[in-house]
Amino acid sequence: MEKVQFWGETLRLVVELAATAAFALAGIMEGARKRLDAVGVCVVGFLAAFGGGTLRDLLLDQRPFFWVSHVNVLWGVLALCVLAMLFLRGHHFHLTERAIQWPDALGLGLFAATGVHQALLLELPAVVAVLMGLVTGVFGGVLRDVVCNQIPTAFHDHRPYALCAFAGGWVYVGLWEMAVPGWIALAASVTVTAGLRGLALWRNLQLPAWKP
Amino acid sequence: MEKVQFWGETLRLVVELAATAAFALAGIMEGARKRLDAVGVCVVGFLAAFGGGTLRDLLLDQRPFFWVSHVNVLWGVLALCVLAMLFLRGHHFHLTERAIQWPDALGLGLFAATGVHQALLLELPAVVAVLMGLVTGVFGGVLRDVVCNQIPTAFHDHRPYALCAFAGGWVYVGLWEMAVPGWIALAASVTVTAGLRGLALWRNLQLPAWKP
Amino acid sequence: MEKVQFWGETLRLVVELAATAAFALAGIMEGARKRLDAVGVCVVGFLAAFGGGTLRDLLLDQRPFFWVSHVNVLWGVLALCVLAMLFLRGHHFHLTERAIQWPDALGLGLFAATGVHQALLLELPAVVAVLMGLVTGVFGGVLRDVVCNQIPTAFHDHRPYALCAFAGGWVYVGLWEMAVPGWIALAASVTVTAGLRGLALWRNLQLPAWKP
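Protein chains in written order, with this note's numbering: chain A, 1 to 212; chain B, 213 to 424; chain C, 425 to 636.
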């Protein structure tokens, strides 16, 4: 049993780091597309990687932030920014974007579930917890796009993204209320979010659009 | 006397709900104009409805947020978003905008007075209290416009909006310092703000513009 | 010795006020360029002047904000906005921008060092303290540009700005750890930041750009 938990913890850490890198890379590429300078690229990378969790902690009045208690992740993202500026070129973007789709989907699931979990620990209502999950998973990308002066992709590209995290968030809330062990709830929630996201990408599903 | 208070409370609740709906509708229509997807329209609706009060509570370090202690309002705004997506069409926008002008003006007054009140309760200086009133009344619309990637209407359309709330905020502060009963101060402040806003719309008053 | 401290305090206050005015003026001119109305120009001036410090205090969970405990500065910036609207014209902008370069550079150094100091007092890790310094010095301008609906100049103009504050921040951290007296650390940090900024402007240094 302990062995399972150890591997579970390790798996979670691997997913978390891969997802943080994926979020940061998405920010770095967006910054590069907008012709930001070196400082701008780094800031947008940081915002994309840490913005969602930081905004959630601000709203929930929780300290310390993830990147304050895990300073190494800050250095890691900074190193990623420098490496990307040295080696990543425009013609790699398409391939990189395909490569980060899965870590990004898993990260969306993991960060959303983490956000829901934190809010439930504070005994907030279920719907607020799900909202906090959405903020955690989605608002890093929103801040990235706001600073890059464009309408957030998550609100504009008509592909399900936040909606997948919404579904996964409710799964987590449901299993939590049924007192299912934490790691099962986490695994189920991440599977639902990432699975729905994968399905949406695979079948090219579209969100309902406004009929003018 | 109790009866007066009961009707006062009811009136306040009605104005509050109507104003929240008006703010949300303004956000929904802005999102629709920018061709956001269903998720984006909802998020912008929520930001417009709750953004100002949430930002004020963040600045004042107050918890819980309004939408955490009144979860039903969250569901209400969500329902409004869904209904709007189903039934509101582009050719209704002009009429809807005219219809929400009054609830919007009343809401500006009510939210601004509430913000001033909260800050005064914390014994903050008068000018800070008035600023908090402005944040409450105006920054929901500002966040809405920032996410929709445009210069905030409140800062750009040269029609008095924040300025009305500024005046109403000082009325509230003045009456508070004279120890006038709360509901009189509230009614006077809302009347001044909404009255000035109505006057500005009716006479098409313009803010002084920068002379280049 | 007491006399030195008195003049040090006075000098610091003069720099602080000049820098706040410089930041506010940069915001006012940006708002004027974007044809904001009188309210918008004031809000952007306030955001530019106080946004960075306020964001830092939000992140560090510190209250009261600078502008709450020093209400007079609020009135001062408001007066500056009114005076600018009355007397500043488009053909003064170029000269004004040159005139505020030095107070702006000194302010960047002073605000960054203040941010680092506050974070170190809370026993946060060094890299987090330097980040808080950057937020204090740079994010007022970022908020200004976000509200004016453009990509933040600090991330886009390829001239070292945040990078100077980054260097100055590490100087402060280093001297703090060596237990050097506070005013020496402050003076050294401000000198490094403002000196690098001045050098960058003088020699027209460019940040490395992304190679597409």
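Backbone N, C-alpha and C define an ideal beta-carbon position, used for all residues, glycine too. Keep in mind it's a predicted model, so treat the numbers as computed, not measured.
Since I believe residue j is in contact with residue i (beta carbons under 8 angstroms), could you give me their beta-carbon distance rounded to a whole number of angstroms?
i                : j                : result
PRO527 (chain C) : ALA443 (chain C) : 5 angstroms
TRP600 (chain C) : VAL554 (chain C) : Actually they are not in contact, since the Cβ atoms of TRP600 (chain C) and VAL554 (chain C) sit about 11 angstroms apart, beyond 8 angstroms.
HIS370 (chain B) : ALA421 (chain B) : 6 angstroms
GLY263 (chain B) : GLY352 (chain B) : 4 angstroms
LEU212 (chain B) : VAL463 (chain C) : Since the first residue shown for chain B is 213 and the last is 424, residue 212 (chain B) is missing from the structure and cannot be characterised.
LEU482 (chain C) : LEU47 (chain A)  : Not quite, the Cβ-Cβ distance comes to about 15 angstroms (not below 8 angstroms), so this is no contact.
ALA530 (chain C) : ALA618 (chain C) : The amino acid at residue 530 (chain C) is misidentified as Ala; the sequence shows Leu. Right, the Cβ-Cβ distance comes to about 5 angstroms (below 8 angstroms), so this counts as a contact.
LEU504 (chain C) : ALA445 (chain C) : 6 angstroms
VAL339 (chain B) : VAL146 (chain A) : The pair is not a contact, with the Cβ atoms about 29 angstroms apart (cut-off 8 angstroms).
TYR172 (chain A) : VAL82 (chain A)  : 36 angstroms between Cβ atoms; not a contact.
VAL15 (chain A)  : LEU74 (chain A)  : Not really, about 19 angstroms apart at Cβ, beyond 8 angstroms.
PHE579 (chain C) : VAL43 (chain A)  : 6 angstroms
LEU631 (chain C) : PRO584 (chain C) : 6 angstroms
ALA473 (chain C) : LEU532 (chain C) : ALA473 (chain C) to LEU532 (chain C), Cβ: 13 angstroms. No contact.
MET132 (chain A) : LEU60 (chain A)  : 7 angstroms
LYS211 (chain A) : ARG301 (chain B) : 7 angstroms
GLN330 (chain B) : GLN274 (chain B) : 7 angstroms
LEU124 (chain A) : VAL280 (chain B) : 6 angstroms
Run down chain C in chain order and give the residues with a C-beta less than 8 angstroms from the C-beta of residue i.
i                : result
CYS148 (chain A) : ILE575
MET85 (chain A)  : PRO632, TRP634
ALA374 (chain B) : VAL463, VAL467
LEU270 (chain B) : LEU482
LEU74 (chain A)  : VAL551, VAL552, LEU555
Three-state secondary structure (DSSP) at residue i?
i                : result
ALA397 (chain B) : helix
ALA391 (chain B) : coil
ALA249 (chain B) : The residue asked about is misnamed: residue 249 (chain B) is Asp in this sequence, not Ala. Of the three classes helix, strand and coil, the one that applies to ASP249 (chain B) here is strand, per DSSP.
CYS360 (chain B) : coil
LEU548 (chain C) : coil
LEU88 (chain A)  : coil
TYR596 (chain C) : helix
PRO160 (chain A) : coil
ILE312 (chain B) : coil
Using DSSP's beta-bridge definition, name the partner residues of residue i.
i                : result
ALA366 (chain B) : Bridge partners of ALA366 (chain B): none, in fact.
ALA421 (chain B) : C:ASP461
Name, please, each residue of chain B whose Cβ falls closer than 7 angstroms to the Cβ of residue i.
i                : result
VAL128 (chain A) : VAL280, VAL283
ASP61 (chain A)  : ARG275
Please list, in chain order, the chain A residues whose beta carbon lies closer than 9 angstroms to that of residue i.
i                : result
GLY265 (chain B) : Near GLY265 (chain B) there are no residues of chain A at all, since even the closest Cβ is about 13 angstroms away, more than 9 angstroms.
Using a Cβ cut-off of 9 angstroms, pull out every chain C residue sitting near residue i, in sequence order please.
i                : result
LYS213 (chain A) : Since the first and last residues shown for chain A are 1 and 212, residue 213 (chain A) lies out of range.
Strictly below 7 angstroms CB to CB, what residues from chain A border residue i?
i                : result
ALA250 (chain B) : LEU207, PRO208
LEU548 (chain C) : VAL68
Taking Cβ positions only, does residue i come closer than 9 angstroms to chain F?
i              : result
TRP7 (chain A) : The chain inventory of the structure shown lacks chain F, comprising the protein chains A, B and C.
If you measure from the CB of residue i, is any heavy atom of the ligand NAD nearer than 8 angstroms?
i                : result
ALA472 (chain C) : The ligand NAD is not part of this structure, which contains no ligands at all.
For this session: Within the stretch 449-496 of chain C, note down every full alpha helix (DSSP H) run reaching 4 residues or more, in order along the chain.
Result: 462-484, 490-493
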